[in-house]
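Report on the following structure.
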Amino acid sequence: MRRRVLAGFLLPLLLLPALPALPQGVPGMNRDPMAIRAGRYRLDSTHGRITWAVNHFGLSIYRGQITGIEARLVLDPANIAGTVLEVTVPIDGLRTSDADLDRHLRTPDFFDLSRFPQARFVAEKVERTGDRGARVHGRLTLHGVTKPVTLRVAFNAAGVHPVSRLYTLGFDGKATIRRSEFGMTGYLPAVGDEVSLELEGEFQLQE
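Per mature numbering (1 follows the signal peptide of the UniProt record, and there is no 0): the sequence shown = residues -23 to -1, 1 to 184.
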């Protein structure tokens, strides 16, 4: 059981396929961030997820996924400093391939879901890093602890989505945290302290 718990804590996305790079010149999509329509956006939760990765006994890297994320974005490319980003992450959205492990991850041994049902990130400062990149500095609240975290974000494209017919922005992002800083010390050091996060999201214009 101990091995199953360790594997399940880290496993949720081993089955995800590698995603191809966004093709250049997708019809109807503009890769120029200065052409983004200013306004208020909401994350399309069916196209938003967090993939995490952590070292397992030095033998392999396990990956997992969290879905059901909600996010609000206010963006004006002419005023990047005025960007507003608020993200709510449901811990219940974390899944593994083992129902027993899913239940265990919700106990005080790990995320303590009954006390801390959500994680939350609020941006405090945004700065450009190149043509389509930015650093988003903010505060992450996880497991009842709030710490500064920086997201490295890349703008992919924007345009009218061919299915929803809504104007949509696409971003990818990366960050690294140490889970011990958030009071999550279970199975250290066998399971790595440093957790890599990869984020993807499509935001739909609301007005």
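Where a beta carbon is used, it is the ideal one built from N, C-alpha and C, also for glycine. Fair warning: this is a prediction, and the values are worked out from it, not measured in the lab.
Here's a check: name, in chain order, each residue in its chain whose Cβ is nearer than 7 Å to the Cβ of residue i, leaving out the five neighbours to either side.
i       : result
Ala(-6) : Residue placement at Ala(-6) cannot be trusted, given a pLDDT of 44 that sits under 50; the coordinates are not used to answer.
Asp86   : Gly163
Ile13   : Leu52, Pro54, Ala135, Leu146
Ser22   : Gly45, Ile46, Glu47
Gly34   : Reading the sequence as shown, one finds Phe at residue 34 and not Gly. Excluding residues within five positions, the ones whose Cβ falls inside 7 Å are Ala167.
Check each candidate in the options and name the one with the smallest Cα separation from residue i.
i      : options                        : result
Pro94  : Arg14, Leu119, Gly110          : Leu119
Arg17  : Pro4, Glu63, Asp108, Gly5      : Glu63
Gly160 : Val103, Thr123, Phe34          : Thr123
Ile38  : Glu179, Leu174, Thr23, Glu184  : Leu174
Val172 : Glu104, Ala58, Arg40, Thr23    : Arg40
Glu184 : Gly163, Gly178, Thr145, Asp149 : Thr145
Thr84  : Asp69, Ala12, Ala96            : Asp69
Ile27  : Asp9, Arg97, Asp86, Arg14      : Arg97
Phe88  : Leu117, Gly121, Gly110, Asp108 : Gly121
Pro166 : Leu36, Arg14, Asp9, Pro4       : Leu36
Thr106 : Gly150, Gly136, Leu117, Val66  : Gly150
Leu182 : Pro125, Leu52, Thr65           : Leu52
Thr44  : Pro67, Leu117, Val3, Val126    : Pro67
Asn56  : Ala15, Thr23, Phe34            : Ala15
Ala152 : Trp29, Leu82, Leu50            : Trp29
Leu117 : Arg92, Leu82, Ile154           : Ile154
Thr65  : Gly25, Pro125, Glu158          : Gly25
Between which residues of its own chain and residue i is the CB-CB distance below 6 Å, once the five residues before and five after are set aside?
i        : result
Asp79    : Thr73
Leu(-9)  : With a pLDDT of 39 at Leu(-9), under the threshold of 50, the modelled position of this residue cannot be trusted, and the question is left open.
Pro(-12) : A caution first: Pro(-12) carries a pLDDT of 42, below 50, which makes its placement in the model too unreliable to give a value.
Leu20    : Ala48, Gly178, Phe180
Arg8     : Ala134
Ala111   : Val103, Arg105, Val130
Leu50    : Tyr18, Leu62, Phe180
Pro4     : none
Leu176   : Ile27, Gly150
Met(-23) : Because Met(-23) sits at a pLDDT of 48, beneath the cut-off of 50, its placement in the model cannot be relied upon, and the point is left open.
Measuring CB to CB, does residue i end up less than 7 Å from residue j?
i           : j      : result
Met6        : Pro54  : no
residue 221 : Gly115 : As shown, the chain starts at -23 and ends at 184. That puts residue 221 outside it, with no answer to give.
Glu131      : Arg156 : Here residue 131 is Ala; the residue named in the question, Glu, does not match the sequence. The answer is no: Cβ separation not under 7 Å.
Leu113      : Leu90  : Per the sequence presented here, residue 113 reads as Val, with Leu not at that position. For Val113 and Leu90, no; Cβs fall outside 7 Å.
Gly163      : Asn32  : no
Residues in the same chain with beta-carbon distance under 8 Å from residue i, minus the five sequence neighbours each way, listed in chain order, please.
i      : result
Glu158 : Val122, Lys124
Exercise. Jot down the residue ranges of each uninterrupted beta strand (DSSP E) in the segment 13 to 65, minimum 3 residues, whole runs only, in chain order.
Key: 16 to 33, 37 to 43, 47 to 52
Quiz prompt | Every unbroken beta strand (DSSP E) within the segment 61 to 109, with a cutoff of 3 residues, ordered by chain | solution = Listed in chain order, the beta strand (DSSP E) runs fully inside the segment 61 to 109 are 61 to 67, 95 to 105, counting runs of at least 3 residues.
Quiz item: What are the complete beta strand (DSSP E) segments, minimum 3 residues, inside the segment 124 to 171?
Solution: 144 to 155
Quiz item: Any contact of the segment 43 to 60 with the segment 75 to 89, i.e. 3+ C-beta pairs under 8 Å?
Solution: no
Self-check item: Stretch pair the segment 135 to 142 + the segment 99 to 107: three plus CB contacts closer than 8 Å
Solution: no
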